[in-house]
Each structure stands twice: as structure tokens, then as C-alpha cells.
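Read through the structure below, which is laid out as C-alpha cells, and then see the notes.
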Amino acid sequence: MLVLPAIDLLDNEAVRLLQGDYSKKTVYSSSPEKMIQVFEKQGATLIHIVDLNAAKTGKSENGKTIKKIKEECSVELELGGGIRSIENMKFYDGLGVSRFILGTVAVEDPKVVEKGLELFGQNRIVIGVDAKNGYVRTKGWETNSGILYKDFLKTMYGMGVRHVIFTDISKDGMMEGPNTDVYVELLTEFPDLQLVASGGVSKTEDLVTLFEKTNGKLFGAITGKAIYEGKLDLKESIRILNQKREK
1 MLVLPAIDLL DNEAVRLLQG DYSKKTVYSS SPEKMIQVFE KQGATLIHIV
51 DLNAAKTGKS ENGKTIKKIK EECSVELELG GGIRSIENMK FYDGLGVSRF
101 ILGTVAVEDP KVVEKGLELF GQNRIVIGVD AKNGYVRTKG WETNSGILYK
151 DFLKTMYGMG VRHVIFTDIS KDGMMEGPNT DVYVELLTEF PDLQLVASGG
201 VSKTEDLVTL FEKTNGKLFG AITGKAIYEG KLDLKESIRI LNQKREK
């Protein structure tokens with residue numbers, strides 16, 4: 001189980017939004033690449049990036065920053081937020097992004113997912129399922145799709161999707177711990193899903209709980225605010241999970 005440090009980009013700064021509210025942001029750094037260099041030294045191998053400008057408007061304002069990150073860091077990047085076309089994927093592919101996270105477009109135009117799988121392969125296409133009260137949210141969490149997340153996942157799985165990031169929006173940024181039950185449930189229903197947990201991871205113990213409750217079957221877990229605020233030691237968390245995996 002990987003620990004994926006999260007970087008949310010808004011106007012070329014690393015920020016965090018409280019429950020997806022653009023008016024409630026905390027700026028953590030105006031040099032995101034420097035943050036990622038620190039994560040890399042602490043043992044992270046995959047960084048989770050969200051382009052918040054593109055998530056809301058469909059247009060990236062952060063391409064320069066993403067390019068700089070790739071030039072100055074050797075970790076792999078997965079990126080989401082506003083990726084709604086094959087052209088978007090090709091653009092980010094040119095910047096060196098390893099995994100493309102498709103959210104809104106997967107709901108509104110599943111053919112883009114099919115084409116993405118065909119062009120880039122199963123391991124580079126990740127579906128971001130952002131859920132609140134059982135329903136998938138889109139457009140930077142601001143729109144209720146009216147589709148139950150379980151129905152949506154069945155559709156994606158049937159198309160060949162195997163990499164999924166599931167976010168419980170009600171837990172995101174609240175530092176209250178993740179919704180462990182939903183990940184156990186999803187891995188029971190879709191046993192070969194490469195599932196990443198997102199939302200609520202606030203301390204190392206949360207990561208250990210996710211690992212143990214899912215019998216080590218989670219592909220990874222994303223955490224951001226807890227690292228930035230010193231409540232989760234990334235290096236120590238990675239060490240503990242590696243130790244558990246080797247048992």
C-alpha cells in the first residue's frame with residue numbers, strides 16, 4: 001500500500017480547500033516543486049496532483065508548474081482535475097505525467113475513458129470517484145450527478161477500468177479519519193480493483209487501519225493536510241507500511 005502525498009494546485013500555488021470549497025483555501029507553498037522534493041526524500045514514489053483551476057473551468061492554469069515539478073523531481077505523478085478529453089491526456093503526457101485521473105468526463109462522456117484505455121493502457125487511466133451521500137459529484141465537487149457511486153463503478157469496471165481513487169467528500173480535510181468501511185465494501189465487491197483511498201487520513205494510525213482492515217489490498221492512500229500540518233510523518237508512515245507488507 002503506497003502513501004501518496006497530495007498537492008492541490010490553484011494559480012500555481014499548493015493549496016488545500018476545505019471540503020472542496022474554493023472560497024475556503026489555505027496556501028501551503030508558492031513553490032510546489034520544493035514540497036515534492038521533500039516528499040521524494042522521505043520515500044514517496046507517486047505524488048497525487050489535482051489541478052483545481054482545471055477542475056472548475058476545464059482549463060489548466062498550472063502546466064508550467066507541472067513541467068517544473070517533472071524537471072526537478074524524479075517521482076511519478078498522477079494528475080486529475082479538468083482532464084475531459086484525449087487532447088488533455090496527450091498534453092499532460094507530454095509534460096511527463098504517469099497516470100491520468102478522469103472524473104467529470106467519466107460520468108458525462110464514458111467514451112473518453114474507453115479511448116484513454118485504448119491509447120494509454122489500463123495502468124495509466126485512473127477513475128476518480130468523488131462521492132457525497134452515496135452520489136457521484138462532478139466539476140470540482142460542485143455538481144451532484146444524480147448517479148449512485150456503486151452503479152457508476154460497475155459501469156467503469158465493466159469497461160475495463162481497474163484503477164480507482166475513491167474520495168468521501170464529507171471526510172476530506174476534516175482530519176477525522178477515513179471512511180474505512182467503504183473501502184472494505186468496494187474491495188469485497190471488486191476484488192481485483194487497484195483502489196486508492198482519499199479523504200480523512202489524518203495520522204499514521206489511519207493508514208495502518210486502512211492497511212489492516214483491507215488485508216493490505218489497498219493500492220494506496222492519499223494524504224495532504226495531515227502532512228502539511230505536521231500531524232502525519234510521511235517517512236515514518238512509509239517505513240511502518242513497508243514493514244507490515246513484508247510480514
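Numbering of the sequence shown is given in my numbering, commencing with residue 1 and proceeding in unit increments. All C-beta atoms in this analysis are idealised placements derived from N, C-alpha and C, irrespective of residue type, glycine included.
Reduced DSSP secondary structure (H/G/I, E/B, other) of residue i
| i | result |
| --- | --- |
| Ile169 | helix |
| Ala106 | helix |
| Lys64 | helix |
| Ala44 | coil |
| Asn53 | helix |
| Glu13 | strand |
Close beta carbons around residue i, own chain, < 8 Å, minus the five adjacent residues each side
| i | result |
| --- | --- |
| Val107 | Val136, Thr138, Ser145, Ile147, Phe152 |
| Tyr157 | Phe190, Leu193 |
| Ile240 | Thr204, Leu207, Val208 |
| Ile238 | Val3, Gln42, Gly43, Ala44 |
| Glu236 | Thr204 |
| Val15 | Asp8, Leu9, Lys25, Thr26, Val27, Tyr28, Leu52 |
Close beta carbons around residue i, own chain, < 6 Å, minus the five adjacent residues each side
| i | result |
| --- | --- |
| Arg99 | Glu78, Arg124, Val126 |
| Glu33 | Lys68, Ile69, Glu72 |
| His163 | Val126, Gln194 |
| Glu13 | Val27, Ser30 |
| Gln122 | Arg162 |
| Asn133 | none |
| Ala55 | Gly81, Gly82, Gly140 |
Beta-carbon separation (whole angstroms), residue i vs residue j, contact threshold 8 Å
| i | j | result |
| --- | --- | --- |
| Leu210 | Ala197 | 6 Å |
| Leu4 | His48 | 4 Å |
| Leu95 | Gly128 | About 19 Å; that fails the 8 Å criterion. |
| Leu9 | Thr65 | 6 Å |
| Ile36 | Val97 | Actually they are not in contact, since the Cβ atoms of Ile36 and Val97 sit about 13 Å apart, beyond 8 Å. |
| Val50 | Gly81 | 4 Å |
Enclosing alpha helix (DSSP H) for residue i [first to last residue]
| i | result |
| --- | --- |
| Lys150 | 149-159 |
| Leu234 | 234-246 |
| Pro178 | Premise fails: Pro178 is in no alpha helix (DSSP H) and is neither H nor E. |
Residue i - containing beta strand (DSSP E), residue span
| i | result |
| --- | --- |
| Lys24 | 21-29 |
| Lys132 | 125-132 |
| Arg162 | It is not in any beta strand (DSSP E) - Arg162 carries neither H nor E in the DSSP assignment. |
Cut-off 7 Å between Cβ atoms - residues of its own chain near residue i, not counting five sequence neighbours on either side
| i | result |
| --- | --- |
| Asp233 | Thr204 |
| Glu114 | Met159 |
| Met89 | Ile83, Phe100, Gly116, Phe120 |
Problem set entry | Any beta strand (DSSP E) of 3 or more consecutive residues that is wholly inside the segment 187-227 | Taken in chain order, the whole beta strand (DSSP E) runs of length 3 or more contained in the segment 187-227 are 194-198, 220-223.
Exercise. Fully enclosed by the segment 69-121, which beta strand (DSSP E) runs are 3 residues long or longer?
Worked result: 76-80, 99-102
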